[in-house]
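Worksheet for the structure shown next.
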Amino acid sequence: MIVVTGCAGFIGSHVCECLLELNIDVIGIDNLDPFYAEDIKRKNISTLLKSKKFTFLEANITSTETWNEVKKYNNIEGVIHLAAKAGVLPSLENPAAYIDTNIVGTQKVLDFLKETGIKKMVFASSSSVYGNNVKIPFSEDDRVDNPISPYAFTKKSNELQIHTWHHLYKIDVVCLRLFTVFGPRQRPDLAIRKFVQKIENDQAIEMYGDGSSARDYTFIHDTVSGIMSAWNYVKNNENVYEIINLGNKNPVQLKELIATLYEILEKTPNVIQTTMKPGDVNITFADISKAQKLLNYNPQTSLKDGLIAFVNWSKKN
Ligand SMILES: NC(=O)c1ccc[n+]([C@@H]2O[C@H](COP(=O)([O-])OP(=O)(O)OC[C@H]3O[C@@H](n4cnc5c(N)ncnc54)[C@H](O)[C@@H]3O)[C@@H](O)[C@H]2O)c1
Numbered sequence: 007m008i009v010v011t012g013c014a015g016f017i018g019s020h021v022c023e024c025l026l027e028l029n030i031d032v033i034g035i036d037n038l039d040p041f042y043a044e045d046i047k048r049k050n051i052s053t054l055l056k057s058k059k060f061t062f063l064e065a066n067i068t069s070t071e072t073w074n075e076v077k078k079y080n081n082i083e084g085v086i087h088l089a090a091k092a093g094v095l096p097s098l099e100n101p102a103a104y105i106d107t108n109i110v111g112t113q114k115v116l117d118f119l120k121e122t123g124i125k126k127m128v129f130a131s132s133s134s135v136y137g138n139n140v141k142i143p144f145s146e147d148d149r150v151d152n153p154i155s156p157y158a159f160t161k162k163s164n165e166l167q168i169h170t171w172h173h174l175y176k177i178d179v180v181c182l183r184l185f186t187v188f189g190p191r192q193r194p195d196l197a198i199r200k201f202v203q204k205i206e207n208d209q210a211i212e213m214y215g216d217g218s219s220a221r222d223y224t225f226i227h228d229t230v231s232g233i234m235s236a237w238n239y240v241k242n243n244e245n246v247y248e249i250i251n252l253g254n255k256n257p258v259q260l261k262e263l264i265a266t267l268y269e270i271l272e273k274t275p276n277v278i279q280t281t282m283k284p285g286d287v288n289i290t291f292a293d294i295s296k297a298q299k300l301l302n303y304n305p306q307t308s309l310k311d312g313l314i315a316f317v318n319w320s321k322k323n
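Following my numbering, the numbering of the sequence shown begins with 7 at its first residue and continues without gaps.
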């Protein structure tokens, strides 16, 4: 049995589905945080709720009561910790909420692991910890002491916080630095989902900056396979603290992403250029050699194939 925090979110719901397919019991925790619509999150977990192997706790990870409830279950092997306040721009508006969920919430997970002696964890960190790193591709050995958003600061803090608990209490952890994940059920605040909706409704889309900013877009199935490999790695090894990039090693410029979406949706481009937003980085580009070596991670999905899968899902939903 594995605890998955953030089970009703984009990535969490896919991870839970994968675990259930592998016949693994799951306790999913999510407070259906209002960062985006509750009905989207309820829809994300609707398939999971049909499984007898899935237990849903609608609860806040920052609450001690939540973890007291989890302690009642036997045979828990570890925690895949995905719950967080995500999103760069909103973190500028309400940094305290990010510190609460991301740092205090993560502390509760670590306390639970320490107190129960369960000691196995996979954590979703973020490529945003690299800030405006000038060296590309981004490697786990690069210095990441210059975050440029409160969100990035919380994720970097989490890596330090988790290392401390690994050192003191022998908790085995893989921190995965995820690079812009996309695909069916993508968060509605993220560019691809917003763009597709607008293009389908014949509305203009806003391009921040001149379109030369680039992201290492990673398809959800590749991310989930990396998370599962990280889980197996942490489960089968002792004295583990690893930070590992999970990206696609193929940054794509914003203008290319937009052009590909117009091509797939067979619409005439209608793009308004606006300024870059504070906190946004210029490029993300993952060196994935560590993931390849330790996790046998090999992303399979091209941007175009992933976008087609997303558009097909979006049309049905
Ligand atoms: N999507 C990406 O591109 C991306 C990139 C880098 C890192 N990440 C990280 O991956 C994880 C999952 O991201 P996502 O895109 O699926 O986001 P998401 O917002 O869809 O999922 C996060 C889930 O956590 C839940 N949650 C938030 N606060 C909570 C709390 N206090 N208690 C319980 N549940 C709470 C939310 O309700 C939500 O369902 C996050 O930690 C995020 O920071 C995501």
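All residues carry an ideal CB built from backbone N, CA and C; glycine is no exception. Quick caveat: nothing in here was measured; it's all calculated off a predicted structure.
#1: Taking I205 as the reference, give the member of T274, N50 and T61 with the closest Cα.
#2: At which residue ranges does the stretch 234-286 contain complete beta strand (DSSP E) runs of 3 or more residues, listed in the order of the chain?
#3: Going by Cα to Cα distance, which pick from D151, G285 and L309 is closest to S97?
#4: What are the start and end residues of each continuous beta strand (DSSP E) run of 3 or more residues lying completely inside the stretch 203-235, in chain order?
#5: Roughly how many whole angstroms lie between the Cα atoms of E64 and K283?
#6: Does DSSP classify V140 as helix, strand or coil?
#7: From P156, G137 and A158, pick the residue whose C-alpha is nearest to that of D148; which is it?
#8: Express the C-alpha separation of P101 and K161 in angstroms, rounding to a whole number.
#9: Near C22, which residues of its chain fall below 7 Å by C-beta distance, leaving aside the five closest residues on each side in sequence?
#10: Comparing the C-beta of K125 with each C-beta of chain E, is any distance below 8 Å?
#11: When every heavy atom of ligand 1 is checked, does at least one fall within less than 7 Å of the C-beta of I35?
#12: How would you call K91, buried or exposed, if buried means at least 16 neighbouring beta carbons within 10 angstroms?
#13: Can M234 and I177 be called in contact, C-beta distance under 8 Å?
#14: Quick check: is any heavy atom of ligand 1 less than 7 Å from the C-beta of I270?
#15: Take L166 as the anchor and find which of E248, N254, N304 and K310 has the nearest alpha-carbon.
#16: Please specify which runs of the alpha helix (DSSP H), each continuous and at least 4 residues long, are wholly inside the stretch 54-131, giving them in chain order.
#17: Assign G15 to one of three DSSP states: helix, strand, or coil.
#18: Rounded to whole angstroms, what is the Cα-Cα separation between N238 and F62?
#19: Nearest-angstrom Cα distance between Q306 and L119?
#20: Report back the beta-carbon spacing between F201 and I289 to the nearest angstrom; my notes put them in contact at under 8 Å.
#21: Would you report the Cα separation of I124 and K310, rounded to the nearest angstrom?
By the coordinates alone:
#1: T274
#2: 247-252 and 277-280
#3: G285
#4: 211-214
#5: 34 Å
#6: coil
#7: G137
#8: 12 Å
#9: V10, C13, V32, G34, L54 and F60
#10: Chain labels in this structure do not include chain E; a single protein chain is all it has.
#11: yes
#12: Buried.
#13: For M234 and I177, no; Cβs fall outside 8 Å.
#14: Not one heavy atom of ligand 1 is found less than 7 Å from the C-beta of I270.
#15: E248
#16: 70-76, 95-99, 101-104 and 111-122
#17: coil
#18: 23 Å
#19: The alpha-carbon of Q306 is positioned some 33 Å away from that of L119.
#20: At roughly 19 Å, the Cβ-Cβ gap does not stay under 8 Å, so F201 and I289 are not in contact.
#21: 41 Å
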